[in-house]
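> The numbering used here applies: residue 256 is where the sequence shown begins, and numbers increase by one.
Glycine included, every Cβ here is placed at the ideal spot set by N, Cα and C.
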Amino acid sequence: MNILTTRFGLIQACETDVITIPEGLLGFRSFIHYTLLPDPVVMGLSWLQSLTAADLAFALVAPPIAVGDYRVEIRRGDRASLELDDERSALIYVILNRAEGGGLTVNLQGPLVFNPVRRLGRQLVLTSSRYPVRYPLEATGSVHCAPNLLPGLSPLRATA
Numbered sequence: 256m257n258i259l260t261t262r263f264g265l266i267q268a269c270e271t272d273v274i275t276i277p278e279g280l281l282g283f284r285s286f287i288h289y290t291l292l293p294d295p296v297v298m299g300l301s302w303l304q305s306l307t308a309a310d311l312a313f314a315l316v317a318p319p320i321a322v323g324d325y326r327v328e329i330r331r332g333d334r335a336s337l338e339l340d341d342e343r344s345a346l347i348y349v350i351l352n353r354a355e356g357g358g359l360t361v362n363l364q365g366p367l368v369f370n371p372v373r374r375l376g377r378q379l380v381l382t383s384s385r386y387p388v389r390y391p392l393e394a395t396g397s398v399h400c401a402p403n404l405l406p407g408l409s410p411l412r413a414t415a
């Protein structure tokens, strides 16, 4: 299928590329079909592109880029919704956002969990106050683990 996007132009996606997030994301509940695209310029950055809204895409990074000791416990109900047999096979991402001052933050309290086999996703809402919604990426001690992420951020456009 052909998908027109404002960020990447026309992209091709197979049915096997479609990720369904049955409950949508917080604030975007009516958008449930996406595809996950690696950023063509910035290593370590991926985009969760809506298949039904050309201008809706979320910048994602793996949690270790932001916080080295980030841990998410996937509750039984979440595992069932994701049809996830083995928690170790889950892919976990956090949403990257631009802060008001132009810096970058990640949402550690609302990680996205994907079952890559079933092509299902879910946004978790962590109830622990250990992780903030807007954690500054530049202030992390683990940024040196991803040296190619920060230098290439100039192409990063505003996210949804």
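For Val316, write down the residues that DSSP places opposite it in a beta bridge.
By 1-based counting over the sequence shown, the position of residue 316 is 61. The partner list for Val316 (beta bridge, DSSP) reads Leu300 and Val349.
> Measuring alpha carbon to alpha carbon, tell me which residue in Ala354, Leu392 and Leu280 is nearest Leu311.
Numbered from its first residue, the sequence shown carries residue 311 at position 56. Nearest of Ala354, Leu392 and Leu280 to Leu311, Cα basis: Leu280.
> CB-CB under 6 Å to Ala268, same chain, minus the five flanking residues each way: which ones, in chain order?
Locating residue 268 in the sequence shown gives position 13, where the first residue counts as 1. Around Ala268: Met256, Ile258 and Thr290.
> With 16 other CB atoms within 10 Å as the buried threshold, where does Pro295 fall?
Here residue 295 refers to the residue found at position 40 when the sequence shown is read from its first residue. Residue burial annotation: Pro295 is exposed, with fewer than 16 other C-beta atoms found within 10 angstroms of its C-beta.
> For the beta strand (DSSP E) that contains Gly376, what are its first and last residues?
As a working note, residue 376 is residue 121 in the sequence shown. Start and end: Leu375 to Gln378.
> With DSSP collapsed to three states, give me the class of Ser383.
By one-based count along the sequence shown, residue 383 stands at place 128. Reduced to three states, the DSSP call for Ser383 is coil.
> Could you check where the beta strand (DSSP E) with Gly332 kicks off and where it finishes?
The residue given as residue 332 occupies position 77 in the sequence shown. Here Gly332 belongs to no beta strand (DSSP E); instead the alpha helix (DSSP H) covers Arg331 to Ser336.
> Does DSSP put Ser285 in a helix, a strand or coil?
The count along the sequence shown starts at 1 and reaches residue 285 at position 30. Here Ser285 sits in coil by DSSP.
> Under the three-state reduction of DSSP, which class applies to Thr290: helix, strand or coil?
On the sequence shown, residue 290 is found 35 positions in, with the first residue counted as 1. Three-state result, Thr290: strand.
> The beta strand (DSSP E) with Ile266 in it runs from where to where?
To locate residue 266, count along the sequence shown from 1; it is residue 11. Note, Ile266: beta strand (DSSP E), Gly264 to Gln267.
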